[in-house]
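Everything below concerns the one structure shown next.
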Amino acid sequence: QGTPMREDKSIDLGYIKSTAREIGEALKQKDKYHL
Numbered sequence: 046q047g048t049p050m051r052e053d054k055s056i057d058l059g060y061i062k063s064t065a066r067e068i069g070e071a072l073k074q075k076d077k078y079h080l
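The opening residue of the sequence shown carries number 46 in this note's numbering; numbering runs sequentially from there.
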């Protein structure tokens, strides 16, 4: 299985966007340097 698709067969990037947002929020809370 790969990236989930919508009914119209287009790629659903909702999961990727949500995960990227969560990672960004977590990194904003860090005080130390990160890559």
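Note that CB positions come from ideal geometry on N, CA and C, so glycine has one too.
Residue i to residue j span [Cα, whole Å]
i	j	result
P49	Y60	8 Å
Q74	K62	19 Å
G69	K54	29 Å
H79	A71	11 Å
T64	L58	10 Å
E52	R66	25 Å
For residue i, the first and last residue of its enclosing alpha helix (DSSP H)
i	result
L72	59 to 73
Same chain only: Cβ atoms within 7 Å of residue i, ignoring 5 sequence neighbours per side
i	result
I56	T48, M50
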